[in-house]
Amino acid sequence: MTAATRITVRGDSPYDVVVGTGVLAELSTLLKPGVRTVAVIRPETLPGLSQPVCAALSDGGYDVVELPVPDGEQAKTVEVAAGLWSALGRHGVTRTDAVVGVGGGATTDLAGFVAGTWLRGVQVVLVPTTLLAMVDAAVGGKNGIDTPEGKNLVGTFLPPAGVLCELSTLDGMPRQDYVAGLAEIIKGGFIADPEILRLIEEDPEA
Numbered sequence: 009m010t011a012a013t014r015i016t017v018r019g020d021s022p023y024d025v026v027v028g029t030g031v032l033a034e035l036s037t038l039l040k041p042g043v044r045t046v047a048v049i050r051p052e053t054l055p056g057l058s059q060p061v062c063a064a065l066s067d068g069g070y071d072v073v074e075l076p077v078p079d080g081e082q083a084k085t086v087e088v089a090a091g092l093w094s095a096l097g098r099h100g101v102t103r104t105d106a107v108v109g110v111g112g113g114a115t116t117d118l119a120g121f122v123a124g125t126w127l128r129g130v131q132v133v134l135v136p137t138t139l140l141a142m143v144d145a146a147v148g149g150k151n152g153i154d155t156p157e158g159k160n161l162v163g164t165f166l167p168p169a170g171v172l173c174e175l176s177t178l179d180g181m182p183r184q185d186y187v188a189g190l191a192e193i194i195k196g197g198f199i200a201d202p203e204i205l206r207l208i209e210e211d212p213e214a
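So that you can map any letter, position 132 of the sequence shown is 140 in my numbering, and since no number is skipped, the others follow by simple counting.
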């Protein structure tokens with residue numbers, strides 16, 4: 009376990025991003041008071057990703073409902089969202105409860121969209137498991153699903169209540185996925201400070 013780094017994202021609805029290894033115990037600190045039931049949305053093909061998350065929430069005293077969804081972009085459909093709305097209703101998820109999204113960018117997009125539309129908005133905490141999701145999809149507050157006409161055409165703006173980046177989930181990630189995340193980091197960096205772009209151009213192998 010490494011000491012957790014906590015970064016506050018400022019704005020109209022500030023929230024914390026917790027980063028580290030072995031930091032799942034911090035998950036309950038990102039949930040607002042009054043939460044009893046937590047619906048965990050995760051890819052059906054990767055149950056191992058969500059088991060430690062569900063265990064940490066159960067240890068925190070929450071009633072945990074695990075809701076598997078298709079992997080990747082196949083999850084971002086109105087049919088899948090409708091199935092999740094039905095599940096939230098069956099399990100009695102109220103406006104004071106929470107949704108937790110565990111997975112890559114498609115899963116966190118879906119979780120944010122479902123949370124933003126259920127009862128006109130319940131809190132969502134995101135646990136991204138890819139580098140790209142950690143640095144982009146999970147921290148922007150933009151959530152959407154696809155239609156036959158295109159990607160992300162139906163969506164919401166809902167800043168998360170918090171984001172937890174458990175770095176051990178990156179172990180064994182395919183190189184191309186890791187590079188995609190690094191590219192997003194570099195892009196964000198040189199938008200904020202063009203000097204970074206100059207340094208990369210001078211030494212692209214660094």
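All C-beta atoms in this analysis are idealised placements derived from N, C-alpha and C, irrespective of residue type, glycine included.
For residue i, which residues in the same chain have their Cβ closer than 6 Å to its Cβ, ignoring the five residues on either side in sequence?
i           : result
residue 51  : 79, 111, 115
residue 14  : 24, 26
residue 172 : 26, 35, 135
Using the Cα positions of residue i and residue j, report the straight-line distance between them to the nearest angstrom.
i           : j           : result
residue 35  : residue 196 : 26 Å
residue 184 : residue 125 : 33 Å
residue 69  : residue 154 : 35 Å
residue 202 : residue 143 : 19 Å
residue 11  : residue 105 : 28 Å
residue 198 : residue 71  : 43 Å
residue 177 : residue 137 : 5 Å
residue 139 : residue 91  : 28 Å
residue 186 : residue 141 : 11 Å
residue 67  : residue 101 : 19 Å
residue 42  : residue 20  : 22 Å
residue 163 : residue 147 : 15 Å
residue 211 : residue 107 : 43 Å
residue 204 : residue 188 : 18 Å
residue 181 : residue 157 : 31 Å
residue 33  : residue 170 : 14 Å
residue 81  : residue 206 : 35 Å
residue 18  : residue 179 : 30 Å
residue 63  : residue 200 : 38 Å
With C-beta atoms as the reference, is residue i less than 8 Å away from residue j?
i           : j           : result
residue 152 : residue 135 : no
residue 103 : residue 127 : yes
residue 61  : residue 48  : yes
residue 8   : residue 166 : Residue 8 lies beyond the range of the chain shown here (9 to 214); nothing can be said about it.
residue 175 : residue 29  : yes
residue 73  : residue 37  : no
residue 150 : residue 118 : no
residue 208 : residue 193 : no
residue 77  : residue 86  : no
residue 168 : residue 120 : yes
Could you tell me how far apart the beta carbons of residue i and residue j are, in whole angstroms, since I believe they sit closer than 8 Å?
i           : j          : result
residue 65  : residue 95 : Not a contact, Cβ separation roughly 17 Å.
residue 133 : residue 39 : 6 Å
To which residues of the same chain is residue i closer than 7 Å at the C-beta, ignoring the five residues directly before and after it?
i           : result
residue 22  : 16
residue 160 : 152, 154
residue 53  : 79
residue 215 : Beyond the ends of the chain as shown, which are 9 and 214, falls residue 215; an answer cannot be given.
Grab me the residues of residue i's own chain with a C-beta within less than 8 Å of its C-beta, minus the 5 sequence neighbours each way, in chain order.
i          : result
residue 93 : 122, 125, 126
**Prompt:** Which full runs of the alpha helix (DSSP H) of 4+ residues lie inside the stretch 17-104, going along the chain?
**Reply:** 55-67, 86-98
**Request:** Could I get the ranges of all uninterrupted alpha helix (DSSP H) runs contained in the stretch 111-155, with 4 residues as the minimum, in chain order?
**Result:** Every alpha helix (DSSP H) of 4 residues or more that sits fully in the stretch 111-155 is shown, in chain order, as 113-125, 139-143.
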